[in-house]
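In this text, residue positions in the sequence shown follow the UniProt record's numbering: the first is 1, and each later residue adds one. Backbone N, C-alpha and C define an ideal beta-carbon position, used for all residues, glycine too.
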Amino acid sequence: MTQPPPAWLDATAVLDRMRRIDAVAAMRELFEAHGRGRVPQPPQVLTVLPDSRGDFITYSGILPEDGVLGVKVSPYVVTPSGGKVTATTMLMSLETGQPLLFCDSLALTTERTAATTALAVDLLAQSDAANLAIIGSGPIALAHLRHVLPLRPWRRIRIHSRNISAKKEVLEASLGEFQPVPEIVDDCSRAVADADVVLLCTSSGNPVLSMDHIKPGMLVTSISTNVARAHEVPPDALARMNVYCDDRSTTPLIAGEMVLASENGWSRDDIRGDLGELAIGRAQAPSPDRASFFRSMGLGIEDVKMALEIHRVSSHAS
């Protein structure tokens with residue numbers, strides 16, 4: 001039987017299919033398998049382009065039990081008008097070695113990033129967490145809100161970002177669908193005051209929280225950006241927090257605050273668990289007298305899992 005040619009899905013088509021996927025459930029299934037050693041994670045590879053023209057990162061992953069492998073290639077290309085970041089994901093069959101799917105990675109990456117954070121929130125946040133703060137107001141921040149909203153009985157949600165006053169009218173139109181309706185605040189300190197969970201969803205290369213913002217019992221999550229050694233919390237905060245990450249074998253080598261903290265005596269051995277260990281109940285529980293920190297760098301296996309879910313949705317629809 002001849003295999004049909006692989007589909008190409010643009011960003012609109014990917015987003016349409018993502019609406020039919022339970023991304024948090026997919027990430028839970030993935031990290032349970034990863035925690036049991038059934039899903040290997042190859043290292044990311046950064047390749048620098050010649051003549052200072054940028055670079056590209058290769059995120060690869062293998063899902064043996066699903067019979068697929070895949071790769072996301074994300075170039076950062078320097079042009080006369082500035083830098084441009086794109087990404088494309090390819091899913092391939094382990095049985096035939098042939099490609100199954102090519103897709104734009106923008107919506108895929110946004111959703112898997114938010115779903116991974118949401119899984120960490122479900123596994124690490126206090127069961128009675130009621131106050132949520134989100135720092136950032138772009139598509140990734142709103143995706144985080146969507147995926148985290150069902151996980152706890154939130155009583156209050158606050159959103160803050162740089163120059164949020166200028167975005168307030170447009171943002172309010174996007175937030176009306178959520179319950180409780182998030183409050184837009186123009187001061188970071190007020191946004192995180194009394195927060196049980198703080199989701200950092202910025203593109204900042206420097207801390208957006210200070211140690212004054214971080215309180216015992218609070219859970220802080222952080223994602224990645226293309227800025228070299230980017231970190232949304234102060235590196236010296238790690239020594240005073242319960243630290244978790246998506247993958248202990250890769251994240252400490254590339255997460256900005258972990259790299260910087262390790263240069264000043266912090267050890268990756270202080271990581272209490274990664275997401276695979278959390279998913280199967282083998283991670284060290286958070287110490288209640290400290291804040292907790294979850295750092296996500298994004299893994300190739302996340303991209304491959306989401307590409308597989310998109311491929312399954314596309315196959316069922318055809």
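If I follow the unbroken alpha helix (DSSP H) through residue i, where does it start and stop?
i, result
"isoleucine 140", "139 to 148"
"glycine 217", "That residue, glycine 217, is in no alpha helix (DSSP H); it is neither H nor E in DSSP."
"arginine 272", "Careful: arginine 272 lies outside any alpha helix (DSSP H), inside the beta strand (DSSP E) at 271 to 274."
"alanine 191", "188 to 192"
Does residue i come within less than 9 Å of chain C when only Cβ atoms are used?
i, result
"lysine 215", "In summary, chain C is missing from the structure at hand, where a single protein chain is found."
How far does the beta strand (DSSP E) with residue i in it reach, from first residue to last?
i, result
"cysteine 245", "241 to 245"
"phenylalanine 102", "99 to 104"
"valine 198", "197 to 200"
"arginine 295", "291 to 295"
"valine 233", "No beta strand (DSSP E) contains valine 233, which DSSP labels as neither H nor E."
"leucine 49", "Looking at the DSSP string, leucine 49 is not in any beta strand (DSSP E), and its letter there is neither H nor E."
According to DSSP, is residue i part of a helix, a strand, or is it coil?
i, result
"alanine 255", "coil"
"phenylalanine 31", "helix"
"isoleucine 301", "helix"
"leucine 171", "helix"
"valine 181", "coil"
"threonine 12", "helix"
"leucine 63", "strand"
"histidine 311", "helix"
"aspartate 55", "strand"
"isoleucine 164", "helix"
"alanine 283", "coil"
"arginine 248", "coil"
"arginine 17", "helix"
"arginine 155", "coil"
"proline 6", "coil"
"valine 227", "coil"
"leucine 278", "helix"
"arginine 38", "coil"
"valine 24", "helix"
"serine 262", "helix"
"histidine 316", "helix"
"serine 238", "The amino acid at residue 238 is misidentified as serine; the sequence shows leucine. The answer is helix: DSSP assigns leucine 238 an H, G or I state."
Our contact map puts residue i next to residue j with C-beta atoms below 8 Å; I'd like the distance itself, whole angstroms only.
i, j, result
"methionine 27", "glutamate 302", "7 Å"
"valine 85", "arginine 53", "The pair is not a contact, with the Cβ atoms about 13 Å apart (cut-off 8 Å)."
"alanine 125", "arginine 152", "6 Å"
"leucine 299", "aspartate 246", "6 Å"
"alanine 129", "aspartate 55", "Contact flag wrong, Cβ pair sits at about 38 Å."
"leucine 308", "aspartate 10", "That belief does not hold up - the Cβ atoms of leucine 308 and aspartate 10 are roughly 19 Å apart, past 8 Å."
"isoleucine 164", "isoleucine 134", "Going by Cβ atoms, the distance from isoleucine 164 to isoleucine 134 rounds to 11 Å, so no, they are not a contact pair."
"methionine 241", "serine 292", "6 Å"
"isoleucine 223", "glutamate 32", "About 22 Å separates the two Cβ atoms, so there is no contact after all."
"proline 99", "proline 6", "4 Å"
"glutamate 232", "valine 208", "5 Å"
With a threshold of 16 other CB atoms inside 10 Å of the CB of residue i, please say whether the residue is buried or exposed.
i, result
"serine 287", "exposed"
"glutamine 41", "buried"
"histidine 316", "exposed"
"alanine 237", "buried"
"arginine 17", "buried"
"valine 181", "exposed"
"serine 60", "buried"
"aspartate 212", "exposed"
"leucine 108", "buried"
"leucine 49", "exposed"
"leucine 30", "buried"
"threonine 264", "Looking at the sequence provided, one finds asparagine at residue 264 rather than threonine. Exposed, because fewer than 16 other Cβ atoms sit within 10 Å of the Cβ of asparagine 264."
"valine 24", "buried"
"leucine 46", "exposed"
"methionine 1", "Because the pLDDT at methionine 1 is just 47, under 50, the model does not fix this residue reliably, and the value given afterwards should be weighed accordingly. Methionine 1 comes out exposed."
"proline 235", "buried"
"leucine 94", "exposed"
(request) With a floor of 4 residues, list each alpha helix (DSSP H) that falls wholly inside the stretch 66 to 135, ordered by position along the chain. (result) 106 to 124
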